[in-house]
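Residue numbers for the sequence shown follow UniProt numbering, so the first one is 1 and each next one is one higher. For reference, the structure is listed below as structure tokens.
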Amino acid sequence: MIAFITFVTGLIFGLGLAIAEMTNPAVVLAFLDIFGDWNPSLIFVMGGAVAVGMIGYMIRNRRSKPWLADKWYIPTRQDIDKDLLSGAVMFGIGWGLSGYCPGPGLTALVNNPAEGFYFIGAVIAGSTLYHLRRDGSRAGQPNQAP
């Protein structure tokens with residue numbers, strides 16, 4: 001059942017990206033170009049995402065546990081550190097340069113394979129470098145959580 005719900009959720013997410021044209025880097029870059037030929041249409045996409053998120057939190061606040069799990073998995077950290085800031089900066093630079101964030105970037109493998117393979121390759125390379133750096137800095141330190 002969890003696999004089926006995960007599949008349906010991913011399908012709805014992908015359809016939403018396609019309908020909103022978030023899989024088209026030109027539309028995303030036009031949204032980010034607030035001082036040029038700005039296209040504000042993605043504000044409605046963000047508004048819809050915020051509304052769905054708010055409904056999700058309302059459901060979460062009324063239930064002691066999820067329908068298909070034993071407990072809620074909610075992040076508890078609230079600090080802002082250099083890893084968070086540098087990750088946010090790199091994400092923003094990559095998004096601004098390519099017009100893709102990870103979800104729509106996966107669709108590029110089908111819609112625009114040349115760009116998609118470069119983008120997904122960069123994501124994999126960046127993730128690998130992060131994990132190598134993180135694991136190297138924790139070497140010799142027992143019982144460290146990832």
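Positions of the beta carbon are idealized from the N, C-alpha and C atoms, including for glycine.
Asked                                                                                                                                                  : Found
Please give me, in chain order, every unbroken run of the alpha helix (DSSP H) with length at least 4 that falls completely inside the stretch 33-119. : 42-62, 82-98 and 102-111
Can you tell me whether Leu132 is buried or exposed? The criterion is at least 16 other CB atoms within 10 Å of its CB, across all chains shown.       : exposed
Does DSSP put Thr23 in a helix, in a strand, or in coil?                                                                                               : coil
Would you report the Cα separation of Gly10 and Leu17, rounded to the nearest angstrom?                                                                : 10 Å
Rounded to whole angstroms, how far is the Cβ of Phe13 from the Cβ of Gly103, which I believe are closer than 8 Å?                                     : 7 Å
Count Cβ pairs between the stretch 101-120 and the stretch 20-31 that sit closer than 8 Å; are there 3 or more?                                        : yes
Exposed or buried, what is Val8 when buried is set at 16 or more other beta-carbons lying within 10 Å of its beta-carbon?                              : exposed
Could you tell me the alpha carbon to alpha carbon distance between Val27 and Asn39, rounded to whole angstroms?                                       : 7 Å
Take Leu29 as the anchor and find which of Gly96, Ala122 and Ile55 has the nearest alpha-carbon.                                                       : Gly96
Of all the options Tyr57, Asn61, Val45 and Leu68, which has the alpha carbon lying nearest to the alpha carbon of Phe4?                                : Leu68
Hey, how far is the Cα of Ile120 from the Cα of Ile59?                                                                                                 : 34 Å
Let me check understanding here. Comparing Cα to Cα, which of Asn61, Thr128, Cys101 and Ser127 lies closest to residue 199?                            : Residue 199 is absent from the structure shown; the chain starts at 1 and stops at 146.
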